[in-house]
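The numbering of the sequence shown is the working numbering, which starts it at 11 and goes up by one. This report concerns only the one structure given below.
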Amino acid sequence: MNRKILRYVALTLGAVAMLGPFAWMLVTSLTGDAQLGRVDAPLLPDPPTVEPYERLGEAFPFWRFAANSVGVAVVSTLLQLVTSATAAYAFSRLRFRGSGAVFVLYLATMMIPMQVIIVPLFIEMRYLGLVDSYAGLLLPTMVSSFGVFMLRQAFMALPKELDEAAYVDGAGHLRVFAQVLLPLVTPALATFAVFAFMSSWNAFLWPLVIAQTEAHMTLPVGLSLLQGRYSTAWNVVMAGSTLSVLPILALYVFAQRYVVRGIAFTGIKA
Numbered sequence: 011m012n013r014k015i016l017r018y019v020a021l022t023l024g025a026v027a028m029l030g031p032f033a034w035m036l037v038t039s040l041t042g043d044a045q046l047g048r049v050d051a052p053l054l055p056d057p058p059t060v061e062p063y064e065r066l067g068e069a070f071p072f073w074r075f076a077a078n079s080v081g082v083a084v085v086s087t088l089l090q091l092v093t094s095a096t097a098a099y100a101f102s103r104l105r106f107r108g109s110g111a112v113f114v115l116y117l118a119t120m121m122i123p124m125q126v127i128i129v130p131l132f133i134e135m136r137y138l139g140l141v142d143s144y145a146g147l148l149l150p151t152m153v154s155s156f157g158v159f160m161l162r163q164a165f166m167a168l169p170k171e172l173d174e175a176a177y178v179d180g181a182g183h184l185r186v187f188a189q190v191l192l193p194l195v196t197p198a199l200a201t202f203a204v205f206a207f208m209s210s211w212n213a214f215l216w217p218l219v220i221a222q223t224e225a226h227m228t229l230p231v232g233l234s235l236l237q238g239r240y241s242t243a244w245n246v247v248m249a250g251s252t253l254s255v256l257p258i259l260a261l262y263v264f265a266q267r268y269v270v271r272g273i274a275f276t277g278i279k280a
């Protein structure tokens, strides 16, 4: 019983530590300029105000940046699901010479940080004429080494007797992949979709480099424009940050029942 109490206490403290920054962000976004600059400001705004949210739309085209982020994140997630699932099926079910070495080499790309390839990647996009375009934002995010690894684990956890039974009925690889195996790894697909959407939504470095006009800027880049050289309206910045968290929160609430199942499912077989 004591262990159970200690476990709940530890989980509660961990939850408070995790939610503390978000609570501070929300409180700051409801604080007026007069209270924000006071040394003896109260812990909670008195009274709370939505003025920072109203000023957010005046400071820069917030909704245009938000629409860009939503569009890029959704399309990028769908492309990663398609490329990762097909590659994972090939690595888990198709045996060809050097498949193991190719898979290890593919996974090795996970250790290369974005900062290392940012210059050659930008030169490539400029050569293709994709600088300051949605295609330039999306093209480098079409594939995911992590997604291939995660979904490969999910496919390998499925018995190969399913494939053999489908082959006996005359099915080919495409039908086995799309109609037999893919529906069985839905939890893994949903889990990876959450991770891919979060990664694309929070991406800052690549959109900052490739998007050179406000027409193609995403929300993280747009929020950085609110930070002035000498002073920053932090309540307005926190208002934008609060709104930027809402799509991620909604996605997680929608897919949370798949996340634990997906992580557990992909760890069944190495």
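Where is the CB? At the ideal position from N, CA and C, for every residue including glycine.
{"Asked": "Can you give me the Cβ contacts of S94 inside the same chain, cut-off strictly under 6 Å, excluding the 5 residues immediately before and after it?", "Found": "S154, G157, V158, L161"}
{"Asked": "Evaluate I220 with the Cβ neighbour count: other Cβ atoms within 10 Å of its Cβ, from every protein chain shown; 16 or more gives buried, anything less gives exposed.", "Found": "buried"}
{"Asked": "Excluding the 5 residues flanking L104 on each side, which residues of the same chain have their C-beta closer than 8 Å to its C-beta?", "Found": "H183"}
{"Asked": "Taking its Cβ as the centre, do 16 or more other Cβ atoms sit within 10 Å of M120, making it buried, or is it exposed?", "Found": "exposed"}
{"Asked": "Taking the C-alpha atoms as reference points, what is the distance between P71 and V231?", "Found": "12 Å"}
{"Asked": "Kindly list the residues whose CB is nearer than 8 Å to the CB of L215, restricted to its own chain and excluding five residues on each side of it in sequence; keep chain order.", "Found": "M124, Q125, I128"}
{"Asked": "Helix, strand or coil for Q45 per DSSP?", "Found": "helix"}
{"Asked": "Enumerate in chain order the residues of its own chain whose CB-to-CB distance from S210 is below 7 Å, with the five nearest sequence positions on each side excluded.", "Found": "V82, A83, S86, T87, T151"}
{"Asked": "T242 by DSSP, collapsed to three states: which one?", "Found": "strand"}
{"Asked": "Out of A25, L54, Y144, point me to the one whose CA is closest to S39's CA.", "Found": "L54"}
{"Asked": "Applying the criterion that 16 or more other CB atoms from any shown protein chain within 10 Å of the CB defines a buried residue, is G180 buried or exposed?", "Found": "exposed"}
{"Asked": "By the DSSP assignment, the alpha helix (DSSP H) with E64 in it spans what residues?", "Found": "61–69"}
{"Asked": "Terminal residues of the continuous alpha helix (DSSP H) containing S109?", "Found": "109–118"}
{"Asked": "Determine the burial state of Q252: buried for a count of at least 16 other Cβ atoms within 10 Å of its Cβ, exposed for fewer.", "Found": "Position check: residue 252 holds Thr in this sequence, whereas Gln was assumed. The residue in question, T252, is buried, as its Cβ has 16 or more Cβ neighbours within 10 Å."}
{"Asked": "How is Q237 classed by DSSP in three states: helix, strand or coil?", "Found": "strand"}
{"Asked": "Return yes when at least one heavy atom of the ligand NAD lies under 7 Å from the C-beta of K170, else no.", "Found": "Absent from the structure shown: the ligand NAD. Ligands present: none."}
{"Asked": "I need the straight-line Cα distance from E174 to V190, nearest angstrom please.", "Found": "11 Å"}
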